[in-house]
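Everything below concerns the one structure shown next.
Protein chains in written order, with the numbering used here: chain A, 7 to 122; chain B, 4 to 115.
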């Protein structure tokens with residue numbers, strides 16, 4: 007069983023479209039994250055949810071909206087896609103807010119978004 | 004597919020002690036990234052290594068990549084409570100536009 011699964015793994019879409027990337031974890035973790043892998047392959051935090059509540063919301067365009075229907079899911083919805091949104095997006099989860107009583111971080115395999 | 008294994012999974016040390024975290028790859032690495040996650044924050048980039056035998060230091064943290072580019076170590080000298088957190092290694096499999104792959108992290112606790 008995949009601990010953190012993201013869908014789709016690859017997505018090619020046109021500018022202006024609205025798309026969602028879904029993330030599910032079956033580890034019973036309380037905290038989930040969305041990261042963006044930039045062109046230099048550095049990871050940048052976008053959002054973090056703990057028990058369905060938003061705890062980290064970095065400066066990202068408001069076209070990006072996370073949605074957490076329950077603590078096992080954290081979906082990323084992107085409106086009016088732009089060329090610069092092309093990147094790999096990683097979902098991750100941890101038992102607790104990392105560094106607290108929780109343990110390690112589990113990453114999904116990443117979703118490669120290409121906007122044309 | 005590339006797999007990264009980190010060891011140990013968790014580590015508890017007394018303040019002032021030195022420690023080492025390892026990251027081992029099943030395949031040759033093009034690039035190796037070290038990150039740290041602190042309580043309530045996202046990942047913080049520490050260092051990136053690309054060349055076999057490369058070593059980089061930042062303050063009291065030193066990262067090395069072995070000559071075969073399959074193993075990296077992160078060494079902290081004279082640890083402090085501020086070093087506590089989760090350390091994560093990530094690998095660039097091929098150097099192209101590939102996704103990074105990650106270890107599962109090492110949780111470091113530093114007791115004062």
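Even glycine gets a Cβ: it sits at the ideal position worked out from N, Cα and C.
- Under the Cβ criterion of 7 Å, residue 63 of chain B is not counted among the residues facing chain A.
- The Cβ of residue 90 of chain A sits no closer than 7 Å to any Cβ of chain B.
- Where residue 95 of chain B is concerned, the enclosing beta strand (DSSP E) starts and stops at 88 to 95.
- Using a Cβ-Cβ distance cut-off of 8 Å, the region 11 to 22 of chain B and the region 79 to 86 of chain B are in contact, since at least three pairs of beta carbons, one from each stretch, lie closer than that value.
- Put simply, the region 24 to 36 of chain A touches the region 80 to 99 of chain A. At least three CB pairs are less than 8 Å apart.
- The three-state reading of DSSP puts residue 85 of chain B in helix, counting H, G and I together.
- For a cut-off of 8 Å, the C-beta gap from residue 93 of chain B to residue 8 of chain B is around 13 Å, too long to register as a contact.
- Those residues of the region 79 to 105 of chain B placed with their C-beta closer than 9 Å to a C-beta in chain A are 87, 88, 89, 91, 93, 95, 100, 101, 102, 103, 104 and 105, ordered along the chain.
- For residue 39 of chain A, same chain residues with a beta-carbon under 6 Å away, outside a window of 5 residues either side, are 54 and 98 in chain order.
- Within the region 13 to 41 of chain A, the beta strand (DSSP E) runs of at least 3 residues that lie entirely inside it are, in chain order, 16 to 19 and 25 to 31.
- In the DSSP assignment, the residues bridged to residue 75 of chain B are B:26 and B:68.
- Interface residue (Cβ-Cβ distance to chain A less than 7 Å): residue 22 of chain B is not classified as such.
- The three-state secondary structure of residue 119 of chain A, taken from DSSP, is strand.
- DSSP places residue 16 of chain B in the uninterrupted beta strand (DSSP E) bounded by 13 to 17.
- For the C-beta of residue 64 of chain A, the chain B residues within less than 9 Å are, from N- to C-terminus, 45.
- Residues of chain B whose Cβ lies closer than 7 Å to the Cβ of residue 51 of chain A are, in chain order, 45 and 46.
- Taking a Cβ-Cβ threshold of 8 Å, the residues of chain A close to residue 34 of chain B are 47, in chain order.
- Contact note: residue 39 of chain A reaches chain B through 45, using a C-beta cutoff of 8 Å and chain order.
- In this chain, the beta strand (DSSP E) harbouring residue 83 of chain A covers 81 to 84.
- The straight-line gap separating the alpha-carbon atoms of residue 97 of chain B and residue 32 of chain B is approximately 7 Å.
- Judged by beta-carbon spacing, residue 68 of chain B lies beyond the 7 Å limit of residue 46 of chain B, meaning their Cβ atoms are not closer than that value.
- Residue pairing for residue 35 of chain B: DSSP places it in a beta bridge opposite B:52 and B:94.
- At least one CB atom of chain B sits nearer than 7 Å to the CB of residue 116 of chain A.
- For residue 89 of chain A, the secondary structure class from DSSP, reduced to helix, strand or coil, is helix.
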